[in-house]
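According to full-length UniProt numbering, the sequence shown is numbered sequentially starting from 1.
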Amino acid sequence: MKKMTLEQFKEQFNIKLNNQQLKAVQSVQNPTLLLAVPGSGKTTVLVTRLGYMIYCLGIEPESILTVTYTVAATNYMRQRFETMFGEQLAARLEFRTINGICSKIINYYGNCIGRKAFDLITEEGFKSKILSLIYQKELNEYPSENDLQTVITLITYIKNMMLSNEEIESLSKKENLPLAEIYKAYCGELRRQSLMDYDDQMVYAYTMLKTTPQVLEYFQNMYQYICVDEAQDTSKIQHKIIEILAMKNKKLFMVGDEDQSIYGFRAAYPEALLSFESTYPEGKILLMEENFRSDGAIVTAADRFIQKNKLRHKKNMKASRGMAKDIRLIEVKTRKSQYSYLTKVAENCNVDTAVLYRDNESIIPVVDMLERSGIDYKIKNADLTFFNHKIVTDIKNIIRFAENPKDTEIFMQIYFKIGTYLSKMGAIEACRISEEKGIPVIDSALRYGRIPKGTEKSLKAMKTHIESILEESAYKAVYRIVNFMGYSAYLERAKIKDGKISILQALAANEKTPEDFLNRLDELAMIIKNKKNNYDCKFTLSTIHSSKGLEYDTVYIMDVKDGVFPEKVVANRKKATDEEIKTYEEERRLYYVAVTRAKNQLCIFDFKDSSTFNNQLLGINVKSSADKTKFQKSGKKGIIATDKKTSKAIEMLRSKSYLR
Numbered sequence: 001m002k003k004m005t006l007e008q009f010k011e012q013f014n015i016k017l018n019n020q021q022l023k024a025v026q027s028v029q030n031p032t033l034l035l036a037v038p039g040s041g042k043t044t045v046l047v048t049r050l051g052y053m054i055y056c057l058g059i060e061p062e063s064i065l066t067v068t069y070t071v072a073a074t075n076y077m078r079q080r081f082e083t084m085f086g087e088q089l090a091a092r093l094e095f096r097t098i099n100g101i102c103s104k105i106i107n108y109y110g111n112c113i114g115r116k117a118f119d120l121i122t123e124e125g126f127k128s129k130i131l132s133l134i135y136q137k138e139l140n141e142y143p144s145e146n147d148l149q150t151v152i153t154l155i156t157y158i159k160n161m162m163l164s165n166e167e168i169e170s171l172s173k174k175e176n177l178p179l180a181e182i183y184k185a186y187c188g189e190l191r192r193q194s195l196m197d198y199d200d201q202m203v204y205a206y207t208m209l210k211t212t213p214q215v216l217e218y219f220q221n222m223y224q225y226i227c228v229d230e231a232q233d234t235s236k237i238q239h240k241i242i243e244i245l246a247m248k249n250k251k252l253f254m255v256g257d258e259d260q261s262i263y264g265f266r267a268a269y270p271e272a273l274l275s276f277e278s279t280y281p282e283g284k285i286l287l288m289e290e291n292f293r294s295d296g297a298i299v300t301a302a303d304r305f306i307q308k309n310k311l312r313h314k315k316n317m318k319a320s321r322g323m324a325k326d327i328r329l330i331e332v333k334t335r336k337s338q339y340s341y342l343t344k345v346a347e348n349c350n351v352d353t354a355v356l357y358r359d360n361e362s363i364i365p366v367v368d369m370l371e372r373s374g375i376d377y378k379i380k381n382a383d384l385t386f387f388n389h390k391i392v393t394d395i396k397n398i399i400r401f402a403e404n405p406k407d408t409e410i411f412m413q414i415y416f417k418i419g420t421y422l423s424k425m426g427a428i429e430a431c432r433i434s435e436e437k438g439i440p441v442i443d444s445a446l447r448y449g450r451i452p453k454g455t456e457k458s459l460k461a462m463k464t465h466i467e468s469i470l471e472e473s474a475y476k477a478v479y480r481i482v483n484f485m486g487y488s489a490y491l492e493r494a495k496i497k498d499g500k501i502s503i504l505q506a507l508a509a510n511e512k513t514p515e516d517f518l519n520r521l522d523e524l525a526m527i528i529k530n531k532k533n534n535y536d537c538k539f540t541l542s543t544i545h546s547s548k549g550l551e552y553d554t555v556y557i558m559d560v561k562d563g564v565f566p567e568k569v570v571a572n573r574k575k576a577t578d579e580e581i582k583t584y585e586e587e588r589r590l591y592y593v594a595v596t597r598a599k600n601q602l603c604i605f606d607f608k609d610s611s612t613f614n615n616q617l618l619g620i621n622v623k624s625s626a627d628k629t630k631f632q633k634s635g636k637k638g639i640i641a642t643d644k645k646t647s648k649a650i651e652m653l654r655s656k657s658y659l660r
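Now the structure itself:
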């Protein structure tokens, strides 16, 4: 193949790039970190650069490895390359996830030593079964679906972050789990059965590269040029694998943006981007700062917001487009006010619209209302763990106990979570007598138990509460359980976050009886589980995490309320720990990602003085509603407007001090 000049290459393939993009395309001979702001065309640059390497530099396609974060991204990147440069050339390139690379390394190592690799666990259910048995043994109780998911996530974190035994012990204390014991037992069981999970693939591959020169040399010679997409979402061990593969040739090209790193719970390691210059002294950092996606008002506000983060490279996002529409704040007093508003939006939706939220549970009351109204919607990566959460299970069990006060199995699960003040032995004895005499458990404790007067008083009160639950509305029943039966105090003692309660109350408000409420919870779980999305529907519900890399004409962001999103505000960095700052900055990045999904219209629910992120997006320091009023009287068109349906318009002065 005859080499082309850059101008010939651009003309033949109709390539139109700005100066920053062109500079990135031509950076091939040294380690390069390309920091690309949202909507800056990073995929176009990655694909164009591959073509440039082949057509202009004469590099063999077989010597280039392109690493993507997911299988879907791998397929998309290959498809984009095929569209630009043809299927035949695309077939000679290697697009892989990091696990795909590790699988090749392990198989090659096995061939070298004449041994078969461990079998890969591909079914999450099998992995959960192993962990469930270990969990029962270590904690002497059955794990809920949430418990198992927590343990699975923590084990992934341990392996991807390459934690030492001391660090695992520290994490165990933080999570209040015998994590070190569970982790050791899990790893031992996998070895016993000659199995490995996806995280083990990376651990084993990295070990093989480090300890076996023959394996390392083989893959370094094979992959002379390495391109990495979404580098901010890559874990520590993944970065180490890439680093050792690129060590010989130093032809590494990483594309990412630490401002968009939102997968800390999956062990994403944006620190690798921040330390790029020390890891690769001969390398360089390039920027792509022009956002082609969003309205200028959105870009200006988003850039101002993210500038407050400290754990980042210095860069400034600039808008390619002008300011055509205001950002709209929708003022609400409670979370519940959002649900009916969004139902009306869905009913009249005629442009590509997304509702974005931090937690999966946020959208369940909206789904409830949409289903009742017969309004179509799409939901991305629906999650059912809410319905199996401890709080939801407890509320359901307490109502079920009210339906059958003789149910000793349920009583043993709830007696210490409501104000019975019975000891464990007292509860066991009450259950024994209840089964023996066929009477309600609380009655057996009151009639036959040897209990202190204080406990007797509490049990009588609890008996009244239990008998009252079925006589009132579903909402009042849930309110009674939480506020009058001691359940709220239990959550506080157990240090369990109570965010699920407001969701349950919102759902209960739509049901007549507690029994109807229980049935509706089961119905909603099945509806969400079996939901088949209509491709033509323009109204999408999605977590912010699932919206990463996507864009919508209009975006609504829910629950931007201190204590929910962000979960905790760090008001004084000097008094905060490094871990608190790190967590808070990731919350800020999550909000930034949500904001930058919008192309033309951004709408955010605002809880007045309890929406720190919204206030920072506006670029104002609001300390009270009186202060905010000052910003409502400018009288000129600006980039922020409050929805007139719910409150008076807030119009911000478009001044240098505000916008620039």
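Where is the CB? At the ideal position from N, CA and C, for every residue including glycine. As the structure is a computational prediction, the values presented were derived from the model and not from experiment.
- Sequence-distant partners of Ile469 (beyond 5 residues in either direction) whose C-beta falls short of 8 angstroms from its own C-beta, in its chain, are Ile398, Ile399, Ala402, Ala477, Arg480, Ile481, Pro514.
- If you check the CB distance, Gly283 and Pro31 come in under 8 angstroms.
- Spanning the alpha carbons of Ala185 and Leu133 requires a straight line of approximately 10 angstroms.
- Assigned with DSSP and collapsed to three states, Val564 falls in coil, not helix or strand.
- Phe95 is a Cβ neighbour of Thr68, given a cutoff of 8 angstroms.
- For the alpha helix (DSSP H) assignment, the uninterrupted runs of no fewer than 4 residues enclosed by the region 179-241 are, from N- to C-terminal side, 179-192, 198-211, 213-222.
- Annotation for Ser542: the continuous beta strand (DSSP E) segment containing it runs 539-543.
- Under the 8 angstroms Cβ criterion, the region 17-24 does not count as touching the region 273-283, having fewer than three qualifying pairs.
- In the three-state reduction of the DSSP assignment, Gln413 falls in the helix class.
- One thing to note: Tyr206 has its Cβ no nearer than 8 angstroms to the Cβ of Lys236.
- Considered as a whole, the region 61-92 harbours 64-68 as its complete beta strand (DSSP E) runs of no fewer than 3 residues, in chain order.
- Residues Asp295 of the same chain have their beta carbon placed closer than 6 angstroms to that of Ala324, with the five preceding and five following residues left out of the count.
- Judged by their CB atoms, Asp197 and Ile121 are nearer to each other than the 8 angstroms cut-off.
- Counting of Cβ neighbours within 10 angstroms places Val37 among the buried residues, the total reaching 16 or more.
- Cys537 places its beta carbon 8 angstroms or farther from that of Lys417.
- If you check the CB distance, Asp259 and Tyr592 come in under 8 angstroms.
- The three-state secondary structure of Gln8, taken from DSSP, is helix.
- Within its own chain, the residues whose Cβ lies closer than 7 angstroms to the Cβ of Ala509, once the five positions on either side in sequence are excluded, are Tyr475, listed in chain order.
- Just so you know, the alpha carbons of Ser542 and Glu492 end up roughly 30 angstroms apart.
- Taking a C-beta distance under 8 angstroms as the contact criterion, Leu33 and Met254 qualify as a contact pair.
- Measuring C-alpha to C-alpha distances from Thr612 to each of Tyr218, Val564, Val345, Thr5 identifies Val564 as the nearest.
- With three or more CB-CB distances shorter than 8 angstroms, the region 512-531 counts as touching the region 375-394.
- Distance from the Cα of Glu429 is smallest, within the candidate group Ala445, Tyr421, Ser373, for Ala445.
- Exposure of Lys532 is indicated by the presence of fewer than 16 other C-beta atoms within 10 angstroms of its C-beta.
- For Ala36, the pairing in a beta bridge is given by DSSP as Met288.
- DSSP places Gln26 in the coil class of the three-state scheme, outside both helix and strand.
- Taking the CA atoms as reference points, Tyr535 sits about 33 angstroms from Ile501.
- Partner residues in the beta bridge of Val355, as assigned by DSSP, are Leu541, Tyr556.
- Counting the other CB atoms within 10 Å of its CB gives Gln193 a total below 16, which places it among the exposed residues.
- Secondary structure of Arg335 (DSSP, three-state): coil.
- Between the region 564-580 and the region 286-300, the count of C-beta pairs closer than 8 angstroms stays below three; the two stretches do not touch.
- The beta carbon of Tyr55 sits closer than 6 angstroms to those of Met4, Phe9, all from its chain and outside the five residues before and after it, given in chain order.
- Secondary structure at Arg96: strand, using DSSP grouped into helix, strand and coil.
- CA-CA distance, Glu289 to Gly86, rounds to 29 angstroms.
- Nearest in C-alpha terms to Gln29, of all of Asn381, Val345, Leu459, Ala246, is Ala246.
- In this structure, Thr343 places its C-beta atom within 8 angstroms of the C-beta atom of Met369.
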